[in-house]
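For the protein sequence lines, the chains are V and U, in the order given. The first sequence runs 0 to 327 under numbering that gives the first Met the number 0. The second sequence runs 0 to 332 under numbering that gives the first Met the number 0. Beta carbons are placed, not taken as given, at the ideal position from N, Cα and C, and that holds for glycine. Since the structure is predicted, the reported quantities are computational estimates derived from the model, not experimental observations. A short write-up of the structure that comes next.
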Amino acid sequence: MAKNITNKTLIDLHACMVRIRRFEEEAGKLMEDGKIPGALHLYVGQEAVAAGVMAHLSNKDQITSTHRGHGHVIAKGGQFSPMFAELYGKSTGYCKGKGGSMHISNMALGILGANGIVGGGPPIAMGAAFSNKFRKTKQVAVTFFGDGASNEGSFHEAANMAALYQLPCVFVCENNGFGEYTRQTNHQAVTDVADRAAGYGMPGVVVDGMDVMAVYEAAEAAIKRARAGDGPTLLECKTYRYYDHVGVRGMGLTYRTDEEVDAWKQRDAINSFEAVLLKQGVLTAKKIENVYARADEEIKEGVAFAESSPFPTEEDLLEDVYFVGATS
Amino acid sequence: MSEALKEGPRMLPYVSAITEGVRQVLQEQDNAFVAGEDVGQAGSVFGYYQGLLAEFGDRRIVDTPISEKGIIGLGVGAAATGCRPIIDVMFMDFLGECMDEVANQMAKMRFMFGGGATLPVTVLTMAGAGMNLAAQHSQSWEAFLAHLPGVKVLMPSNAYDAKGMIIAAARDDNPVFVVMNKMSLAMQCEVPAEMYEVPLGKAAVVREGTGFSIFAMGRMVHEALAAAKTLEGLGVDCEVVDVRSIQPFDSETAVASIKKTHRALVVHEAVRFGGFGGEIVAQLQEEAFDYLDAPIARVGAPFSPVPYSPALEKLYIPNAERIVAEVKKVLGI
């Protein structure tokens, strides 16, 4: 483990991953119980990526997320109450119930949206990074996308332009081995998406996405580089999705074996990090227990808030289609 | 002002009106920039950004790769984070390359975010046939755009409107497409030197009349005016309405015209089937059915890609003769 990392950072990384894990487990249950409508794409298994990257970003930095976006939102500062309210379709949600799981966003937290379109995020993040450079701020824009999205033209165009203009942009590929239900070996000829970085003239880095410290350190370098004005990086995090593409057990498809899932669970990012923290005496078993208890308390409050919140009304239907008011 | 009066009307071609509008926006708004293919060194293939790179530098006149997804994405991301981008999509046909960024990102972001995002982005693009550029460089896709809640769509038919619409679009805090016409670039009219806006959502009655209403879009306004002149010789007093703003659409002006004339025709250069003219007809029958004395006629391109051959393209593009023929059919003369 890197020497210059404070115990506070380690504790925060752990808490962040636990909050994501517990939120997602609960959201999955609520969806299966029919309390949350629509489709949820859950982040369980990939927590180390969001936690490790977001540890280097402030609210002023921007991210674009994916359809599997709850983890990014939580790591970027999202609160459970407005998140659950959004999933429930309530007017107190982050998007007043108009976006739902796939479009959770909050401009104040620098979240330029989860995105229902695979590959939708990279061009937007590149645009935000262009804006950061144009406005001469030190903000960095990070785009999260999967191995599936790395085959979309939008990713390639955004990567080329970010490198061309040397934008403060970081491309974080969460390679979870599947584009929806199609295995990586069936959707691209490369093993490492990071290899593609060379085609755009930017560094490509591969890290173990199940190791939060590895992600933390690689993200630190990429984000520092971007912030210093030295251009973008493609950071590929090899990770795994424990749940199905949609929901928990989704449609019960047999595209992978339980043995494969279990093998990845043996390398679970949270469990292995907890073992390290215990060994180093950063956390005790009791303190770890408290982290889960606090997350569960947050969930309880969030779900109660969502359930007691009102649905949007007919008056809200046509609001926010356009900006209405004094133009600048 | 007094200088202009002394020197007579200040005539400017459409192409220069675009340049002037963009220049004045860039002077007014420090956070505005132009990005697109060949906008800088080349000054646009249509010539309307000539001189702007020298004047504003490459921070604000940004040559991009040929990457429409990236270009629109740049506009969306930059607009959401404090800039006011003017994005150039060289030919409207190229929107096919970035329909996701237009339809699923730009148009929907504000709504999906519950009003959280504001997108003051202007897209300038060139539509229209007539230059033998064939099926992929000649189309009029305004109806595509008008069908997307979240974007606004303008079609300037003349130099005055081109400048005023670019300024209005750039000052609006929504995504606005200004769909210009490549055959109109040399067309001149009086254009004031100062900044002015052509308001969004306002049609213009460009010729008053009492016997028949012609609702025309883009370059077809000039064909409609020519048709009105011919029809005047046949004793038909036509009113010509330049629709100008496709979304929002000015149904008030359209209804007022029909209440006066009781007969109408819509004309656009786009394919007639599924064209915006159908929306105008529908709104008029909804709002002014009792005032209609005849079915509303439609003139548009046939249901075919735009042909290359000059012989075929001439047959394809709607013109004054076809408008006259359709009006005569409605009137039974």
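Measure the alpha-carbon distance for L144 of chain U versus Q138 of chain V and round it to whole angstroms. Taking the second sequence and counting its residues from 1, the one referred to as residue 144 of chain U is at position 145. Taking the first sequence and counting its residues from 1, the one referred to as residue 138 of chain V is at position 139. In a straight line, the C-alpha of L144 of chain U is about 33 Å away from that of Q138 of chain V.
Neighbour-count burial assignment, V189 of chain V, 16 or more Cβ in a 10 Å radius: By 1-based counting over the first sequence, the position of residue 189 of chain V is 190. Around the Cβ of V189 of chain V, a 10 Å sphere holds fewer than 16 other Cβ atoms; the residue is exposed.
Which whole-angstrom value is the C-beta distance of Y180 of chain V and Y254 of chain V, which I expect to be below 8 Å? On the first sequence, position 181 is the one that residue 180 of chain V refers to. On the first sequence, position 255 is the one that residue 254 of chain V refers to. That belief holds up - the Cβ atoms of Y180 of chain V and Y254 of chain V are roughly 5 Å apart, short of 8 Å.
Along the alpha helix (DSSP H) that carries L147 of chain U, what are the first and last residues, could you check? Within the second sequence, numbered from 1, the residue matching residue 147 of chain U stands at position 148. Segment: none, L147 of chain U is in no alpha helix (DSSP H) and carries neither H nor E.
Determine the direct distance from the alpha carbon of F110 of chain U to that of D319 of chain V, and round the result to whole angstroms. Start at 1 with the first residue of the first sequence, and residue 319 of chain V comes out as number 320. Start at 1 with the first residue of the second sequence, and residue 110 of chain U comes out as number 111. Distance between the alpha carbons of D319 of chain V and F110 of chain U: 5 Å.
What is the rounded straight-line gap between the Cα of M0 of chain U and the Cα of A41 of chain U? The residue labelled residue 0 of chain U in the question sits at position 1 within the second sequence. The residue labelled residue 41 of chain U in the question sits at position 42 within the second sequence. Below a pLDDT of 50, predicted positions are generally treated as unreliable, and M0 of chain U, at 44, falls in that range; the measurement from the model is reported next regardless. Going from the Cα of M0 of chain U to the Cα of A41 of chain U covers about 33 Å.
Could you check whether P119 of chain U and A78 of chain U sit closer than 8 Å to each other, using their CB atoms as the reference points? Translated into positions along the second sequence, residue 78 of chain U becomes position 79. Translated into positions along the second sequence, residue 119 of chain U becomes position 120. For A78 of chain U and P119 of chain U, yes; Cβs fall inside 8 Å.
Using three-state DSSP, classify S156 of chain U as helix, strand or coil. Within the second sequence, residue 156 of chain U is the residue found at index 157, counting from 1. The three-state reading of DSSP puts S156 of chain U in coil, since its state is none of H, G, I, E or B.
Reference V169 of chain V; option with closest CA among V:F322, V:L282, V:R20 and V:T63: On the first sequence, position 170 is the one that residue 169 of chain V refers to. For V169 of chain V, the nearest C-alpha among the options comes from V:T63.
Rounded to whole angstroms, what's the CA-CA distance from A192 of chain U to E27 of chain U? Just pull it up for me. Here residue 192 of chain U refers to the residue found at position 193 of the second sequence. Here residue 27 of chain U refers to the residue found at position 28 of the second sequence. Those two C-alpha atoms are separated by around 14 Å.
Chain U residues whose Cβ lies nearer than 7 Å to that of N105 of chain V: What you label residue 105 of chain V is simply residue 106 of the first sequence in a count that begins at 1. Under the 7 Å cutoff, chain U gives G115.
Should V171 of chain V go down as buried or exposed, given a rule of 16 or more other Cβ atoms within 10 Å for buried? Taking the first sequence and counting its residues from 1, one reaches residue 171 of chain V at position 172. The residue in question, V171 of chain V, is buried, as its Cβ has 16 or more Cβ neighbours within 10 Å.
Find out if the Cβ-Cβ distance for the pair G37 of chain V, G92 of chain V is shorter than 8 Å. Locating residue 37 of chain V in the first sequence gives position 38, counting from the first residue. Locating residue 92 of chain V in the first sequence gives position 93, counting from the first residue. For G37 of chain V and G92 of chain V, no; Cβs fall outside 8 Å.
With the cut-off set at 8 Å, would you say E216 of chain V and Q45 of chain V are in Cβ contact? For the purposes of this step, residue 216 of chain V is taken as the residue at position 217 of the first sequence. For the purposes of this step, residue 45 of chain V is taken as the residue at position 46 of the first sequence. In this structure, Q45 of chain V does not lie closer than 8 Å to E216 of chain V by Cβ.
Reduced DSSP category for E312 of chain U - H, G, I as helix; E, B as strand; rest coil: On the second sequence, residue 312 of chain U is found 313 positions in, with the first residue counted as 1. If DSSP states are grouped into helix, strand and coil, E312 of chain U belongs with the helices.
Hey, P311 of chain V and S90 of chain V: beta-carbon distance below 8 Å or not? What you label residue 311 of chain V is simply residue 312 of the first sequence in a count that begins at 1. What you label residue 90 of chain V is simply residue 91 of the first sequence in a count that begins at 1. It is a contact, given that the beta carbons lie within the stated cut-off.
If distances are taken between C-alpha atoms only, which option among V:E259, V:A305, V:H55 and V:Q61 comes closest to F129 of chain V? Locating residue 129 of chain V in the first sequence gives position 130, counting from the first residue. Here the closest residue by C-alpha is V:Q61.
Taking the C-alpha atoms as reference points, what is the distance between S327 of chain V and E25 of chain V? If you number the first sequence from 1, residue 327 of chain V lands on position 328. If you number the first sequence from 1, residue 25 of chain V lands on position 26. Reliability fails at S327 of chain V, whose pLDDT of 45 lies under 50, so the model's placement of it is uncertain and the value that follows must be treated cautiously. So the two alpha carbons sit approximately 44 Å from each other.
Rounded separation between A342 of chain V and D11 of chain V - CA only: Coverage of chain V is limited to positions 0 through 327, which leaves residue 342 of chain V absent and any answer about it impossible.
L9 of chain V - DSSP class collapsed to helix/strand/coil: Translated into the one-based positions of the first sequence, residue 9 of chain V becomes position 10. Here L9 of chain V sits in helix by DSSP.
Hey, is K68 of chain U's beta-carbon within less than 8 Å of any beta-carbon in chain V? Indexing the second sequence from 1 puts residue 68 of chain U at position 69. At least one chain V Cβ lies under 8 Å of K68 of chain U.
Contact with chain U by C172 of chain V, beta-carbon distance below 8 Å: Walking along the first sequence from the start, residue 172 of chain V turns up at place 173. No, its Cβ sits nowhere closer than 8 Å to a Cβ of chain U.
How would you list, in chain order, the residues of chain U whose beta-carbon sits under 7 Å from the beta-carbon of G126 of chain V? On the first sequence, residue 126 of chain V is found 127 positions in, with the first residue counted as 1. For G126 of chain V, the neighbours in chain U by C-beta distance under 7 Å run, in chain order, G72, L73, G74, V75, G76 and A77.
How big is the Cα-Cα spacing for V177 of chain U and A128 of chain U? Counting from one through the second sequence, the residue named residue 177 of chain U turns up at place 178. Counting from one through the second sequence, the residue named residue 128 of chain U turns up at place 129. For the pair V177 of chain U and A128 of chain U, the Cα-to-Cα distance works out to about 17 Å.
Pick from V:R248, V:A74, V:A225 and V:F144: whose alpha carbon is nearest that of V117 of chain V? Residue numbering aside, residue 117 of chain V sits at position 118 when the first sequence is read from its first letter. Measuring from the Cα of V117 of chain V, the nearest candidate turns out to be V:F144.
So, is A3 of chain U buried or exposed, given that buried needs 16 or more other C-beta atoms within 10 angstroms? Taking the second sequence and counting its residues from 1, one reaches residue 3 of chain U at position 4. Only weak support exists for where A3 of chain U lies, its pLDDT of 49 falling under 50; the value from the coordinates is given anyway. Around the beta carbon of A3 of chain U, fewer than 16 other beta carbons sit within 10 angstroms, so the residue counts as exposed.
With distances taken Cα to Cα, identify the nearest neighbour of I398 of chain U among U:P301, U:P247 and U:S308. Residue 398 of chain U falls outside the range modelled here, since chain U spans only 0 to 332, and no answer is possible.
Check whether chain V comes within 8 Å of P148 of chain U, counting only Cβ atoms and requiring the distance to be less than that. Taking the second sequence and counting its residues from 1, one reaches residue 148 of chain U at position 149. For P148 of chain U, the closest Cβ of chain V is nearer than 8 Å.
Could you tell me whether the region 127–141 of chain U touches the region 92–107 of chain U, where touching means 3 or more Cβ pairs closer than 8 Å? Note that the region 127–141 of chain U touches the region 92–107 of chain U; at least 3 beta-carbon pairs, one per stretch, sit closer than 8 Å.
What in chain V is Cβ-close to M111 of chain U, meaning under 8 Å? One-based indexing of the second sequence puts residue 111 of chain U at position 112. Chain V residues near M111 of chain U: C94, K97, G98, H102, S104 and G112.
Counting only beta-carbon atoms, is F143 of chain U nearer than 8 Å to chain V? Here residue 143 of chain U refers to the residue found at position 144 when the second sequence is read from its first residue. Closer than 8 Å: no.
List the DSSP bridge partners of I213 of chain U. Taking the first residue of the second sequence as position 1, residue 213 of chain U is located at position 214. Per DSSP, U:V239 and U:L264.
Cross-chain neighbours of G81 of chain U in chain V, by beta carbon under 8 Å: Mapped onto the second sequence, residue 81 of chain U falls at position 82. The contacting residues are S130 and R134.
Among V:F304, V:G119, V:G120 and V:I110, which has the Cα closest to the Cα of A116 of chain U? The residue given as residue 116 of chain U occupies position 117 in the second sequence. The residue with the shortest Cα to Cα distance from A116 of chain U is V:I110.
Any C-beta of chain U sitting closer than 8 Å to the C-beta of M82 of chain V? As a first step, residue 82 of chain V is located in the first sequence; it is residue number 83 there, counting from the start. Under the Cβ criterion of 8 Å, M82 of chain V is not counted among the residues facing chain U.
Consider the Cβ of Q40 of chain U: report whether some Cβ of chain V lies at a distance smaller than 8 Å. Counting from one through the second sequence, the residue named residue 40 of chain U turns up at place 41. So, not an interface residue.
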